[in-house]
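Participant: Those sequence lines, one after another, are chains Y and D.
Note that the working numbering has the first sequence beginning at 18, numbered continuously upward.
Note that the working numbering has the second sequence beginning at 393, numbered continuously upward.
All residues carry an ideal CB built from backbone N, CA and C; glycine is no exception.
One structure, as C-alpha cells, below. Some questions next.
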Amino acid sequence: KQEVTQIPAALSVPEGENLVLNCSFTDSAIYNLQWFRQDPGKGLTSLLLIQSSQREQTSGRLNASLDKSSGRSTLYIAASQPGDSATYLCAVKHGGATNKLIFGTGTLLAVQP
Amino acid sequence: EPEVTQTPSHQVTQMGQEVILRCVPISNHLYFYWYRQILGQKVEFLVSFYNNEISEKSEIFDDQFSVERPDGSNFTLKIRSTKLEDSAMYFCASRKMKDEQYFGPGTRLTVT
Chain Y
18 KQEVTQIPAA LSVPEGENLV LNCSFTDSAI YNLQWFRQDP GKGLTSLLLI QSSQREQTSG
78 RLNASLDKSS GRSTLYIAAS QPGDSATYLC AVKHGGATNK LIFGTGTLLA VQP
Chain D
393 EPEVTQTPSH QVTQMGQEVI LRCVPISNHL YFYWYRQILG QKVEFLVSFY NNEISEKSEI
453 FDDQFSVERP DGSNFTLKIR STKLEDSAMY FCASRKMKDE QYFGPGTRLT VT
C-alpha cells in the first residue's frame, strides 16, 4: 500500500531564504506526482505536476524534482516571501487503472517578514 | 482562468439528515473526483467518475454515499444519512486528458 510522507511537518524561515520541502513515497511505481498549496480553510492550488519520466519541473520561483527509484521528490522555493506561507502537499498517482491521488501529510510553511 | 466551483462553502446538518454537495467542474474536463479532509488529517480519495459512471471508489465510499452528474455541468455528492464522523472538508476535482487535477475551494460539512 502506497504511503506518502512529508518532512518537515512544519518549517519557519525568514523572508528571502531558499528552502526545500521533501516528499517520500514507498511504492516507486508511480505515474506522476503533483505538488499543491493549501491556504488555511481553503482549497488546493496545483503548483507543479511531474510525470514519472521527468526529473524536474519549474514554475517561476518553484522547482520540483523527482527521483522515482528512490521514492523521493523535493520542492525548492527560491527567495521565499511571506505570501508563500501555506501548507504544501504532495500527491502521487499510480499507473494502471487507478485515477486517485494519494496525498502526503503536508508541510506547514511560515515565512517571517 | 477556468476553475472548479463548489457550493455551499459551509453546510451544517444534523446527524441522520441527507446532504447534497454540489460542484461545477471545469467545462471541458472529463474526469471528476471527490476527496475529503478531516480536520488535521490527510486529504483522502473518495470516488472518481468518468463517462457517467463510477470508475473507482475507496472503502470510505460506502452505501451512504452516491454521486451523480445530473446535467452537463454539475457533479454532486450525496450523503444519505450523515454521521458525526462525516464532518470534514469535501473537495471536488476535475481533469481532462492531461493528468493535472484541479481542485475546487471545498465545502466544509459540519454534522451536529
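Can you confirm whether glycine 432(D), when its beta carbon is compared against all beta carbons of chain Y, has any partner nearer than 8 Å?
Facilitator: By one-based count along the second sequence, residue 432(D) stands at place 40. Under the Cβ criterion of 8 Å, glycine 432(D) is not counted among the residues facing chain Y.
Participant: Count the other CB atoms within 10 Å of the CB of isoleucine 471(D); is the residue buried (16 or more) or exposed (fewer)?
Facilitator: Against the second sequence, residue 471(D) aligns to sequence position 79. It is buried - the Cβ of isoleucine 471(D) has at least 16 other Cβ atoms within 10 Å.
Participant: Under 8 Å, with one C-beta from each stretch per pair, do the segment 401-412 of chain D and the segment 496-503 of chain D reach the 3-pair mark?
Facilitator: Touching, per the Cβ criterion.
Participant: Can you give me the Cβ contacts of glutamate 34(Y) inside the same chain, cut-off strictly under 7 Å, excluding the 5 residues immediately before and after it?
Facilitator: Reading the first sequence from its first residue, position 17 is the one you call residue 34(Y). The answer, listed in chain order, is Ser97.
Participant: Would you list the residues sitting across from methionine 407(D) in a DSSP beta bridge?
Facilitator: By one-based count along the second sequence, residue 407(D) stands at place 15. Paired residue(s): none; methionine 407(D) is not in a bridge.
Participant: Below 8 Å between beta carbons is the criterion; list the residues of the segment 419-448 of chain D that meet it against any residue of chain Y, in chain order.
Facilitator: Tyr423, Tyr425, Tyr427, Lys434, Val435, Glu436, Phe437, Ser440, Tyr442, Ser447, Glu448
Participant: Quick one: which residues of the segment 39-53 of chain Y get their C-beta closer than 7 Å to a C-beta of chain D? List them in chain order.
Facilitator: Asn49, Gln51
Participant: Check whether the Cβ of asparagine 116(Y) lies closer than 8 Å to any Cβ atom in chain A.
Facilitator: Annotation note: the requested chain A is absent from the structure, which comprises protein chains Y and D.
Participant: Within this structure, are the beta carbons of aspartate 56(Y) and alanine 127(Y) separated by less than 8 Å?
Facilitator: Position 39 of the first sequence, counted from the first residue, corresponds to residue 56(Y). Position 110 of the first sequence, counted from the first residue, corresponds to residue 127(Y). Cβ distance not < 8 Å, so aspartate 56(Y) and alanine 127(Y) don't count as in contact.
Participant: Using only the alpha-carbon positions, how far apart do leucine 422(D) and serine 486(D) sit?
Facilitator: By 1-based counting over the second sequence, the position of residue 422(D) is 30. By 1-based counting over the second sequence, the position of residue 486(D) is 94. So the two alpha carbons sit approximately 7 Å from each other.
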